[in-house]
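Encoded as structure tokens, the structure appears first; notes follow it.
Numbering (my numbering), first residue to last: 5 to 120.
Shown next, in the form of structure tokens:
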């Protein structure tokens, strides 16, 4: 294990619980966004309605992608904790793997980027 500050079991558990809460909020938000989209589509037609639909669906997909990333981070934390604890550098490496990137955020391309 490389040098650095070690994280206690208590810190891991709190972080995992915080990630659970965040994931739950994100899931609720996605459901609310879907309901809002359905409500708007009921009486709105035309080009603007279509463009709104495209943007809202992209936002919903991005929101769900963030929720899934939070879940992957939680899995990485759990795996790290099960491996006997970790220091900051080891967590950073695990998080980069969970993100599917080199740590530069490239794994989080937004669908809204395609829209705008």
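No residue lacks a Cβ here, since even glycine has one placed at the ideal position from N, Cα and C.
In this chain, the alpha helix (DSSP H) harbouring residue 28 covers 13-45.
Given a length threshold of 4 residues, each whole run of the alpha helix (DSSP H) inside the stretch 43-86 is given here in chain order: 51-86.
The residues 67, in chain order, have a CB closer than 7 Å to that of residue 33 in the same chain once the five nearest residues on each side in sequence are set aside. Residue 78 holds the alpha-carbon nearest to the alpha-carbon of residue 18 among 100, 97, 78 and 96. With contacts defined by Cβ atoms closer than 8 Å, residue 20 and residue 81 form a contacting pair.
Burial check for residue 49: the Cβ neighbour count within 10 Å stays below 16, so the residue is exposed. In terms of Cβ geometry, residue 37 and residue 57 do not form a close pair [threshold 8 Å].
One thing to note: residue 85 has its Cβ within 8 Å of the Cβ of residue 16. Taking every protein chain shown into account, the CB of residue 30 has 16 or more other CB atoms within 10 angstroms, so this residue is buried.
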